[in-house]
Structure formats: structure tokens, C-alpha cells
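When you line the sequence shown up against our numbering, it's residues 1 to 77, in that order. The C-beta atom is built at its ideal place from N, Cα and C for all residues, glycine as well. Working notes, structure below.
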Amino acid sequence: YSDFDAVLDEHNPLGAGLSSSIFTRDLQESERFLGVDGSDCGIANVNIGTSGAEIGGAFGGEKETGGGRESGSDAWK
1 YSDFDAVLDE HNPLGAGLSS SIFTRDLQES ERFLGVDGSD CGIANVNIGT SGAEIGGAFG
61 GEKETGGGRE SGSDAWK
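Set out below in C-alpha cells:
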């Protein structure tokens with residue numbers, strides 16, 4: 001990609017929201033991707049693939065691919 005904002009504009013409207021990943025050498029891009037204005041997936045990774053699960057945390061995802069959690073963001077929509 002050459003335009004990080006364009007990537008987010010294409011990424012966030014998608015119905016899938018379980019996990020996401022970005023590969024970058026730019027520290028500011030990685031911080032934006034993980035921040036409040038970045039990826040809106042349940043799990044966001046930098047420089048590693050989307051594994052599908054994280055040990056030690058509830059795994060419910062977000063949007064259409066999530067099973068939901070009582071205190072997840074979809075609970076108050």
C-alpha cells in the first residue's frame with residue numbers, strides 16, 4: 001500500500017471484524033492501526049498474521065464474525 005488512510009477506509013467498513021493484521025516498518029502507522037482510529041476488529045496485530053485466537057482472553061470478535069461478549073462494543077449498539 002502507499003496510502004495508509006486509504007487502507008483504513010477500505011478495511012473498517014467490512015463486515016468481518018474478528019481479527020486484523022498489518023505489516024509495516026513505520027512505527028507511527030502501527031500505533032495508528034492499534035489505536036482508537038485504527039482497526040476496528042476484535043484483535044489487531046502488527047507484523048504477525050491473524051492467528052484466529054489469543055491465549056488468555058475472551059475471544060468473541062466484532063461485527064458479523066464475532067460471537068459477541070456481554071461487554072463488547074456490539075452490546076451497547
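- Linking Leu-14 to Ser-20 through their CA atoms gives a straight-line distance of about 11 angstroms.
- Each residue's CA atom was taken as its position, placing Arg-32 and Gly-17 some 17 angstroms apart.
- Annotation: the continuous alpha helix (DSSP H) that includes Ala-6 extends over 4 to 11.
- Per DSSP, the beta-bridge partners of Val-46 are Ile-22.
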